[in-house]
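Start counting the sequence shown at 976; every next residue gets the next number (the working numbering).
Idealized CB from N, CA, C, for every residue including glycine.
Treat the numbers as computed from the prediction; the structure is a model and nothing was measured.
As C-alpha cells, the structure follows; a few thoughts come after it.
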Amino acid sequence: MTVEAQYDQFIAILNQTIKNVDPDLLVRMMYLERKLPDAPPRVELNIHYKPNVDAERKKEILRNRFGFPNQSNDHGINVVGKMDTSVVEQFSQDPDVEYITGIATPSSY
C-alpha cells in the first residue's frame, strides 16, 4: 500500500470516528501536539450549529465549562484558545453541532 493510500485510509477512519469535525484540523492539531508536547496548540474553531439553536446559550456553556473566549457569527460560534484534540472531540459530541472547522497553530511557551 502506498503512503498516499495509507493517508487516505487514515483520513477515512478519522471521518468515521468524528464525523462532524474537519479531518485536516484534527491532523494539524495532532501533529502540533506531538511536535510540541509541552504546549497545546492555539486553535481558532468555527462551530456550525443546526438551525434555530440558541447561540447565546451555547456561548455561555462554552465560556463557563471551558473558559474559552467566543463570539457569534452567521453560522455558529467562533472559539479561540489553547486546546488539544480531546476538547474538540467534546465539542463535537454536542447533538446541536453540525460541523467544526478551524485552524491550529503552535502556541507560545
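**Prompt:** Y1006 bridges to which residues according to DSSP?
**Reply:** Against the sequence shown, residue 1006 aligns to sequence position 31. None; Y1006 has no bridge partner.
**Prompt:** Taking Cβ to Cβ, would you say N1021 is nearer than 8 Å to G1077?
**Reply:** Locating residue 1021 in the sequence shown gives position 46, counting from the first residue. Locating residue 1077 in the sequence shown gives position 102, counting from the first residue. A contact, by the Cβ cut-off of 8 Å.
**Request:** Reducing DSSP to helix, strand and coil, say where L929 ends up.
**Result:** Within the shown structure, residues of the chain are numbered from 976 to 1084, placing residue 929 beyond reach of any answer.
**Request:** Look at the alpha carbon of N995 and the alpha carbon of S1083, and state the distance between them as a whole number of angstroms.
**Result:** In the sequence shown, counting from the first residue as 1, residue 995 sits at position 20. In the sequence shown, counting from the first residue as 1, residue 1083 sits at position 108. Looking at the two C-alpha atoms, the distance is approximately 28 Å.
**Prompt:** Under the rule that 16 or more other beta-carbon atoms within 10 Å means buried, what is D997, buried or exposed?
**Reply:** Position 22 of the sequence shown holds residue 997. Answer is buried; the Cβ neighbour count reaches 16.
**Prompt:** Straight-line CA distance for T1048 to R1032?
**Reply:** Locating residue 1048 in the sequence shown gives position 73, counting from the first residue. Locating residue 1032 in the sequence shown gives position 57, counting from the first residue. Position check: residue 1048 holds Asn in this sequence, whereas Thr was assumed. Their backbone Cα atoms lie some 14 Å apart in a straight line.
**Minimum Cβ-Cβ distance from D1059 to chain D less than 8 Å** = Among the chains in the structure shown there is no chain D, since it carries only a single protein chain.
**Prompt:** Would DSSP call T1060 helix, strand or coil?
**Reply:** The residue labelled residue 1060 in the question sits at position 85 within the sequence shown. T1060 falls in the helix class under three-state DSSP.
**Asked** Among V978, V1054, D1013 and I986, which has the Cα closest to the Cα of A1030?
**Response** For the purposes of this step, residue 1030 is taken as the residue at position 55 of the sequence shown. Of the candidates V978, V1054, D1013 and I986, the one whose C-alpha sits nearest the C-alpha of A1030 is V1054.
**Request:** Enumerate in chain order the residues of its own chain whose CB-to-CB distance from L1001 is below 8 Å, with the five nearest sequence positions on each side excluded.
**Result:** The sequence position of residue 1001 within the sequence shown is 26, counting from 1. The answer, listed in chain order, is L989, I993, T1060 and V1063.
**Asked** Where H1100 and T977 are concerned, what is the direct C-alpha to C-alpha distance, given to the nearest angstrom?
**Response** With the chain represented from 976 up to 1084, any question about residue 1100 goes unanswered, as that position is not in the structure.
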